[in-house]
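Residue numbers (this note's numbering): 79 to 265.
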Amino acid sequence: IALGAIGMRFLLTRRVATSQLAWRLLLLLSAALIITRMALWEAPVWFEMAMPATRLIPLWLTFAGLTLLLLPTCVLHGALFPLSIALYCRSTDGVRQYIGHAYAINTIAGVTGAIATGLWLIPLIGSDRTLQLLALFSLLSGVPLLVKMATRERRLSAALLSLMLLMTLVLPGFNYQRAIHTVEGRL
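Have a look at this one:
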């Protein structure tokens with residue numbers, strides 16, 4: 079997450095924050111979430127290959143692979159906050175005026191989201207559907223940004239949004255029980 083925040087701060091020193099940049103970041107984040115969700119289908123296979131019975135892959139290599147799988151999503155999440163601050167504050171005077179409010183909202187949303195996800199969403203709908211819901215939320219939160227785009231770009235963005243929504247909704251769910259049983263039974 080820190081890598082994304084640092085990268086976005088560097089990018090913003092060379093470029094002005096725009097709603098178009100925010101929209102692209104949200105599309106990339108949603109794509110990363112969808113790809114991560116699809117790749118996690120294979121996680122039980124990776125763990126089975128790393129278990130003592132087969133030892134085809136060392137366990138540390140399996141964890142390194144899973145870390146690399148999650149890295150793009152984490153980096154893109156980290157990039158959202160500096161971009162959001164730049165869009166919210168607009169100018170140096172705006173930063174002085176609104177930064178405390180923006181950090182308060184971010185902190186409250188982060189704590190509320192973590193508690194709601196851990197205590198309510200995952201027990202209610204499972205990890206896979208929670209990840210799917212996060213991808214949908216990321217996509218839909220960018221819809222208001224489409225209004226500010228030029229017509230040609232808006233059409234392309236709407237087409238990408240439709241494709242991403244379709245991919246998010248159509249992909250089958252994943253049952254993590256196999257992964258849990260694989261890890262519990264072999265470690």
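Glycine included, C-beta positions come from ideal geometry on N, C-alpha and C.
Residue environment for arginine 115: buried (at least 16 other C-beta atoms within 10 angstroms of its C-beta).
Out of Thr229, Leu239, Leu105, the CA that lies nearest to the CA of leucine 158 is found in Leu105. In the three-state reduction of the DSSP assignment, isoleucine 183 falls in the helix class, which pools H, G and I. Alanine 228 and phenylalanine 215 have their C-alpha atoms spaced approximately 23 Å apart.
Ranked by Cα distance from isoleucine 112, the first of Thr208, Leu89, Arg93, Ala236 is Thr208. About 24 Å separates the Cβ atoms of methionine 242 and leucine 202, ruling out a contact at the 8 Å cut-off. For tryptophan 101, the enclosing alpha helix (DSSP H) begins and ends at 97-117. About 21 Å separates the CB atoms of alanine 192 and leucine 147; that is not less than 8 Å, and the two are not in contact. With 16 or more neighbouring CB atoms inside 10 Å of its own CB, tryptophan 101 falls in the buried class. It is roughly 28 Å from the alpha-carbon of serine 235 to the alpha-carbon of serine 205.
The closest CA to that of leucine 99, considering only Leu244, Val248, Gly220, is found on Gly220. Close CB contacts of arginine 87 within its chain, under the 7 Å cut and outside five residues either way in sequence, are with Pro160 (chain order). In this structure, DSSP gives isoleucine 79 a state outside helix and strand, which the three-state scheme calls coil.
For threonine 195, there is no enclosing alpha helix (DSSP H), as DSSP marks it with neither H nor E.
Note that the C-beta distance between leucine 212 and alanine 164 is not below 8 Å.
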